[in-house]
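All letters in the sequence shown, in the order written, are residues 1 to 285 by this note's numbering. For glycine and all other residues, C-beta sits at the position ideal for the given N, C-alpha and C.
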Amino acid sequence: MTTQFGNYRTFTETPDVHDIREQVTTLCPPVPYRTAKVRMDALSTIRPRLHIPPLPGLTPNGRRVIVMQGITKDIIPANVADGMKLVLMIGDIRLKEELTGVAGDVYILDASVATAAHFAKFTPSIVKKFLVCVQEAYPVKLKEVHVVNVSPLVDTIINFVKPFLKEKIRNRIFCHPDGFESLYKYIPQEILPSEYGGYAGPIDVIHREWVKKLDSYTDWFKEQEDIKADESKRPGKPKTHDDLFGLEASSSFVLMKLSLTPFQIHRFTDKIWKCRGSNQRLLDQ
């Protein structure tokens, strides 16, 4: 597993990844790495609103491409963790089914329907937990993140997320504000969906195939809910929630990392959190 997904950890480091995975399941119920007590009814309300399929075929350097695209502006459920859970479920399936070794993952994040109201639902705490799952408990190297259909709001979101990322991952984020031509320098059109000028067919067709696969794994996911770390048996002091996730997910930490002045912080928080009202018109960017 150390090299199948472009993850070049040593054999002494690899057990740490498995340990963290089970710690996350135990200490992080809102966004479990393994999907304890899968709520298929809740997930079924998310799947029609999002396209999040891994694409068939690999890049010339052997990387798997995953697209994350909102279908409409009404894409965020009441429980944001359910959307993150769906992403991790697909990741678990890939760990079981990737027959050919891949040299890491490449994500395409389509921001065409992103609004300030969406951003307001992603609290610092839940973003921190999700990124710990992805960066520490998932044995795949994240090679590139490409953000397409970029708007000024998206720049704010990226600045919000970057403080939680490792420096090497921050350097792997690329924005494509002027169409898809610059995207083709990294990802060939042959494996891209037609919505991005590619030749792999409509993204909805690819997504529906993955929905079928998710349904076929329902029983397997339910079996995973009892696989957790027994912290009472850990040598030394048992791990706690704060040990794993720290205290960096506070709003003040995020705003400090954004290097904003006190006045800018006031404007920033006022603008974002005013969008929480469901009957209030979204603020123009």
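Per the C-alpha coordinates, the member of LYS141, LYS128, GLU136, GLU98 positioned closest to VAL106 is LYS141. Between LYS73 and THR100, the C-beta gap is not smaller than 8 Å, which leaves the two residues out of contact. According to DSSP, PRO54 shares a beta bridge with ILE66.
The DSSP-derived three-state label of VAL113 is coil. For GLY83 against VAL113, the beta-carbon gap comes to about 14 Å, at or over 8 Å, which does not count as contact.
Here the C-alpha atom of PRO60 lies approximately 11 Å from the C-alpha atom of GLN189.
Under the 10 Å beta carbon count, LYS166 is surrounded by fewer than 16 other beta carbons and is classified as exposed. For PHE174, the pairing in a beta bridge is given by DSSP as HIS146.
Counting only the Cα atoms, PRO163 lies some 31 Å from PRO48. In the three-state scheme derived from DSSP, where H, G and I count as helix and E and B as strand, VAL154 is classed as helix. Within its own chain, the residues whose Cβ lies closer than 7 Å to the Cβ of LEU58, once the five positions on either side in sequence are excluded, are ARG64, VAL102, listed in chain order. Contact annotation, VAL161 with VAL127: C-beta distance approximately 6 Å; criterion of less than 8 Å satisfied. A check of alpha carbon separations from SER182 across ILE169, TYR196, GLY201 identifies TYR196 as the nearest.
One thing to note: ILE52 has its Cβ no nearer than 8 Å to the Cβ of LYS213. Here VAL127 carries a helix assignment [DSSP, helix/strand/coil].
Excluding five sequence positions before and after GLY201, the CB atoms of its chain that fall closer than 7 Å to its own CB belong to PRO193, SER194, given in chain order. Membership of GLU223 in the alpha helix (DSSP H) is indicated by the continuous run 218-223.
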